[in-house]
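Notes to accompany the following structure.
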Amino acid sequence: MPDSQPQHPHSPGNDSTAESTALLLCGARLTDGRTVDVRLDNGRIEAVGTVGSLIARSKRMDLSGYVLLPAPAEPHTHGDTALSAETEGPVSYDGPDVQRRATEAALLQLGHGATAQRAHVRIGDPEGLGPMEAVLQARRSLRGLADLRTVAMPRLLTGLAGADGLSMLRDAVKMGASVVGGCPDLDPDPTGYVEAVLEVAAEHGCAVDLHTDGGDPARLGRIATMTGGLRPGVTIGPCGGLGRLPREVAARTADQLAAAGVTVVCLPQGGCAGVDRRGTAPVRLLRAAGVRVAAGSGALRDVANPVGRGDPLEAAYLLASRYGLRPEEAYDCVSGAARAALGLPEVRVEAGFPAELIAVRGDELAGALSLAYSRIVVHWGRVVARTSAVREYCDSASLDLPRQGRAGKLPEGGGGGPS
């Protein structure tokens, strides 16, 4: 059966005598303009109050000058091929090499703020299930730092050639893959491929996540018809081809996807192997039709995109600057909508919600997306990553120029996570 939710050391129900996990975040700016203190404990937001109104039972951290946001989630990454762009010769799929790359990539994305991630992993010839086992091992090593989910991606599922792929897909779920998917565009029978994926998903109660360029409206319509109302949910992406269709055709297809409850994950930073990399899904048209649109990173410095950053805040920045979304809408695509696509609970900076947070240096959301250099990442109520940047200018002491951080000083407190 798939891996269960990561077991965190201080989750409710564990030994009540354990050391307190309380953390008080002081002086944080919210997107509505308020400056507040936020107390975290047992992996949740315990209280939000005016500055100075909450008692620090244990550790405290000064977030003056930071915007506090729900943490991003990464709905579309490729852990098995990540960080392989500079490899000489063929990419190694030996277990230790894949595990190392997947772990390093997950930590890189965690440093950007993605406390939950979904990695798509290819299975089948010639590597078999080896890459899946390696990424699952990376997932186990990351427990307590990040929540890494896996999608099993067979190449073929129909005909004689697809029989092995179908068997391997079932085996991948038994190993621990929590989502089934792949790229029906590459199968001789795309409809049959989707039918096979849905059959395995129904057998094991898995979510579905399919790669498709989306350039064939009839094919997207069939996916919508076949998956409508399926639980625990269906995601497709990156659907760059949908943006190349005539607007009226794309609008009808968007209506079909909305009616079926299908989530679309776009990749504004670039595509990934197996689908056409030209363009990004028409996010405004899809949102207007009622489609949930999330944004992912796609390829992370592999042959499909050798300069991929894996940064959800850059994805939100591009959605705002290039595709016309308001900053709040763009950020929701990498946070609220992305978490929903992964089947995760909603996060708000309010009492009772999960303590999955990111603090970004800045005064408001638009500025944070523009200059998101300094970041503090909180997973399960604990600081797990920090990035601090300082901007200085030569011979500028008398000019009192702005900086991205305070020289020589990081915010105090935190949960002892990696710097």
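Throughout the sequence shown, residue numbering follows the working numbering, covering 83 to 501 in sequence.
Using N, Cα and C, we set each Cβ at its ideal position, and we do this for glycine too.
Ile127 counts as buried, since at least 16 other C-beta atoms from the protein chains shown sit within 10 angstroms of its C-beta. Per DSSP, the unbroken alpha helix (DSSP H) holding Ile305 starts and ends at Pro299 to Thr309. Within its own chain, the residues whose Cβ lies closer than 7 Å to the Cβ of Arg252, once the five positions on either side in sequence are excluded, are Val282, listed in chain order. Under the three-state reduction of DSSP, Thr273 is assigned to helix. With at least 16 other beta carbons inside 10 angstroms of its own, Lys141 counts as buried.
For Tyr413, the uninterrupted alpha helix (DSSP H) segment begins and ends at Pro409 to Val416. Under the three-state reduction of DSSP output, Pro388 falls in the coil class, being neither helix nor strand. Around the beta carbon of Ile137, fewer than 16 other beta carbons sit within 10 angstroms, so the residue counts as exposed. When C-alpha distances from Ala454 are compared across Arg464, Thr469 and Ala243, the shortest belongs to Thr469. Here Glu285 is exposed, its C-beta having fewer than 16 other C-beta atoms within 10 Å.
Nearest to Met143 by C-alpha distance, out of Val279, Val472, Val459 and Asp477, is Val459. Taking Ala423 as reference, the option from Arg183, Asp414 and Gly392 with the minimal CA-CA separation is Asp414. Rounded to the nearest angstrom, the Cβ distance from Leu151 to Val442 is 7 Å, consistent with a contact under 8 Å. Scanning the segment 312-358 for uninterrupted beta strand (DSSP E) segments of 3 residues or longer gives 316-320 and 345-348, listed from N- to C-terminal end.
DSSP places Pro178 inside the alpha helix (DSSP H), whose first and last residues are Gly177 to His194. DSSP, read as helix, strand or coil, puts Val120 in strand. Beyond the five residues adjoining it in sequence on each side, Leu280 comes within less than 8 Å, by CB distance, of Val290, Met308, Thr309 and Leu312 in the same chain, given in chain order. Per DSSP, Val255 lies in no beta strand (DSSP E); the unbroken alpha helix (DSSP H) holding it starts and ends at Gly241 to Met257.
In the DSSP secondary-structure assignment, Glu156 is bridged to Gln199.
Between Val416 and Pro394, the gap from beta carbon to beta carbon is short of 8 Å. Nearest to Asp271 by C-alpha distance, out of Ser260, Met257, Cys288 and Arg304, is Arg304.
Annotation for Pro394: no beta strand (DSSP E) segment contains it, though the alpha helix (DSSP H) segment containing it runs Pro394 to Ser403. For Val282, the secondary structure class from DSSP, reduced to helix, strand or coil, is helix. Per the C-alpha coordinates, the member of Pro436, Glu215, Val262 and Leu145 positioned closest to Asp123 is Pro436.
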